[in-house]
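2 protein chains.
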Amino acid sequence: MRVDIDCFPCFLRQSIIALRLGTEDKALQELILKSILEVIRNTDVSKTPAHITTFIHRKIREMLNKDPFKEIKSEYNHIALGLYPGLKEMVEKSPDPLLTGTRLSVAGNVIDFGIFTSVDIDGTIRRAMNNEFAVDDYDVFRDALSRTDNILYLTDNAGEIVFDRLLIETLISLGKRVTAVVKGSPVINDAILEDAEESGLTEVCEVIDNGSEAVGTILDWTSPSFQEAFKNAPLIISKGQGNFETLIGAEKKIFFLFQSKCDVVSKELGLPTGSMLLKKS
Amino acid sequence: MRVDIDCFPCFLRQSIIALRLGTEDKALQELILKSILEVIRNTDVSKTPAHITTFIHRKIREMLNKDPFKEIKSEYNHIALGLYPGLKEMVEKSPDPLLTGTRLSVAGNVIDFGIFTSVDIDGTIRRAMNNEFAVDDYDVFRDALSRTDNILYLTDNAGEIVFDRLLIETLISLGKRVTAVVKGSPVINDAILEDAEESGLTEVCEVIDNGSEAVGTILDWTSPSFQEAFKNAPLIISKGQGNFETLIGAEKKIFFLFQSKCDVVSKELGLPTGSMLLKKS
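Going down the list, the sequences are from chains A and B.
Take the first sequence: its position 198, counted from the start at 1, is 197 in numbering that gives the first Met the number 0, and no numbers get skipped.
Take the second sequence: its position 131, counted from the start at 1, is 130 in numbering that gives the first Met the number 0, and no numbers get skipped.
Shown next as structure tokens:
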């Protein structure tokens, strides 16, 4: 899916979130925002929004000379770890642990400081557990899982990665071998290896990085070793809207678990913004 | 008041409203939006948001080779004229026609297709008549009116100008001489002479134009004859947020009647967005 003109103001809105996290210097915020106008102007809008967002956040990190999301990522890893024991109990006591783990994993996708300035984790968990998903390919998902032992799991955000750990532990308890994937280096609040360690995920399964700091998974920009893992994976679980945007066209068996957070993607899907999805490719 | 970084996404959001009204050609929309990024980048952000918006809408009209608001302005003049008899009755039956006329005039300020894509006129009228204003200098306003016979009335939007006509008729019935001011040529959905004619205002009072197509009233860019009228006016009624932004620093007795429609202006005022104001300078 390609950039829509409605993405343009949103690019700036997201940039402002990053800039306010990164510096209190208003002149610097303004200078960087003006540079971002130039980045947007020079980018090929026939690509996905994730492409442009990648360039934007690269520019922000360069000009701030730091990763503005570093602290908030760690903060939300710890907030999610605080919820972990209760959520783990929910999964273990569930008549269908896979269903509960899957829904909690989608709930965790609300932790996204690239797009939101605040999140209601508890409310989102309740919504994920009690309401129907807008798209729910759970039966196909469970069926596909029953026919493979190896899963490549593309994580999305820090904090959310604790929810991913829950689902991955559930998959492992069902006899699956899971390889989790994080970003190669910081971009927005996406999980990197540090977050996988902080969330305890590295103690649960193999974690690899995709060698890229792109938003979502822009295959051409990932490392050869990740591309190999992607190509060979019989089943891929893909978290988040960025991965959905960039992988929806891929010729792979992918299950997309995410919340549609923006009007453009939601319109493309024919769903209200804020919808929760478990969608097969 | 100067541009805040939160204005940047809003500049683009407002541009998109104009572009969608102006053309269905998506490539052209995108091309113009990219040109607007350049306009924003090259503008002095120490000025008011109205300055930048003026440059943006000039660029849009140039590149579309037309005024994208022409039809919607006329449409809303007619919608407001349809409401006129009922509103006129409200004013005439009111124990305080000036108060009712003033509040209806602020209600009419909701008709703003530079900022909104749809408006709830009836709901806004109810709100204006039944709720307290966030800032209400009505007593000072009535008192100031009692001590002058001449009023310069700066209109804002088409459609809204019918509500202005109501208040101006009320002022005239109180023995005042009112000169209404419209823009010199089209900008967003601001009223020009054509709208003053369509709304019947030209039959009620003298209507002059300010010789400018700036958003709000950027005095330096107005005609010498308007500047003279402005300088000599003992009391000015100023409609809309654009006029507030650009005239708040002026050394004149001005009463600002408007709704604060954006977060940046509302934050500056310390009020919730959507507040209604009758505010003395």
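We treat Cβ as the ideally placed atom computed from N, Cα and C, and that holds for glycine.
All values derive from a computational prediction rather than experimental measurement.
Inset, instruction - Using beta-carbon positions only, say whether B/G215 and B/E244 come within less than 7 angstroms of one another. - result: yes
Inset, instruction - For A/H50, count neighbouring C-beta atoms within 10 Å of its own C-beta (all shown protein chains included) and say buried if the count is 16 or more, exposed if not. - result: Answer is buried; the Cβ neighbour count reaches 16.
Legend entry - CB contact below 7 angstroms: A/F7 versus chain B: yes
Legend entry - Limits of the unbroken alpha helix (DSSP H) element including A/F254: It is not in any alpha helix (DSSP H) - A/F254 instead sits in the beta strand (DSSP E) that spans 253-258.
Legend entry - Neighbourhood of B/D135 by C-beta distance below 7 angstroms, restricted to the same chain and skipping five residues each side: Contacts found: L277.
Inset, instruction - Let me know if B/E159 comes out buried or exposed under the rule of 16 or more other beta-carbons within 10 Å of its beta-carbon. - result: buried
Inset, instruction - Could you tell me which residues DSSP pairs with B/D189 in its beta bridges? - result: B/N156
Legend entry - Proximal residues to B/L151 (C-beta, below 7 angstroms), its chain only, five neighbours per side dropped: The residues are T178, V180, A228, F229, A232, I235.
Legend entry - Pairwise C-alpha distance: A/G174 and A/S145: When rounded, the distance between both Cα atoms is 10 angstroms.
Inset, instruction - Pull up the CB-CB distance for A/K65 and A/G21, whole angstroms please, since I reckon it's below 8 angstroms. - result: Right, the Cβ-Cβ distance comes to about 7 angstroms (below 8 angstroms), so this counts as a contact.
Legend entry - Opposing strand residues paired with A/M89 [DSSP bridges]: In DSSP, A/M89 forms no bridge with anything.
Inset, instruction - Taking only beta-carbon positions, decide if A/I16 is within less than 7 angstroms of chain B. - result: Put simply, the CB of A/I16 is far from chain B, with every gap to its CB atoms at 7 angstroms or more.
Inset, instruction - Report yes or no: is there a C-beta of chain A within less than 7 angstroms of the C-beta of B/K33? - result: yes
Legend entry - Span of the beta strand (DSSP E) around B/L277: Start and end: 275-279.
Inset, instruction - Specify the secondary structure class of A/R125 as computed by DSSP and reduced to three states. - result: helix
Legend entry - Own chain partners of B/F10 with C-beta closer than 8 angstroms, once the 5 adjacent residues on each side are dropped: I35, I39, P48, I51, T52, I55
Legend entry - Cβ of A/I4 within 7 angstroms of any chain B Cβ: yes
Legend entry - Inter-stretch contact at 8 angstroms, needing at least 3 Cβ pairs: the segment 154-169 of chain B / the segment 181-196 of chain B: yes
Inset, instruction - Examine the ligand FMN and report whether any of its heavy atoms sits within less than 6 angstroms of the Cβ of A/T123. - result: By its list of ligands, the structure shown contains no ligand whatsoever, and the ligand FMN lies outside what it can speak to.
Legend entry - Within chain A, the residues that B/I171 reaches when beta carbons sit closer than 7 angstroms: Chain A residues near B/I171: none, gap ~43 angstroms exceeds 7 angstroms.
Legend entry - Pairwise C-alpha distance: A/F132 and A/L80: 25 angstroms
Legend entry - the segment 254-268 of chain A in contact with the segment 82-91 of chain A per 3-pair CB rule at 8 angstroms: no
Inset, instruction - Output, in chain order, the set of chain A residues within a Cβ distance shorter than 9 angstroms of B/E37. - result: L36, E37, R40
Legend entry - Contact under 7 angstroms by Cβ, A/L97 with A/T169: Taking 7 angstroms as the Cβ cut-off, A/L97 and A/T169 qualify as a contacting pair.
Inset, instruction - Just the chain B side, please: which residues come within less than 8 angstroms of A/R60 by C-beta, in chain order? - result: In chain order: nothing, as chain B lies at least about 18 angstroms away.
Inset, instruction - Could you pull out every residue in the same chain whose Cβ sits closer than 8 angstroms to the Cβ of A/I247, ignoring the five residues on either side in sequence? - result: M0, F255, S280
Inset, instruction - Note down, in chain order, every chain A residue with its Cβ under 9 angstroms from the Cβ of B/E23. - result: In chain order: nothing, as chain A lies at least about 12 angstroms away.
Legend entry - Paired residues, beta bridge with A/N130 - DSSP: None, per the DSSP bridge assignment.
Inset, instruction - State yes or no: is the beta carbon of B/L82 nearer than 7 angstroms to at least one beta carbon in chain A? - result: no
Legend entry - Beta-bridge partners of A/A143, as assigned by DSSP: Per DSSP, none; premise fails for A/A143.
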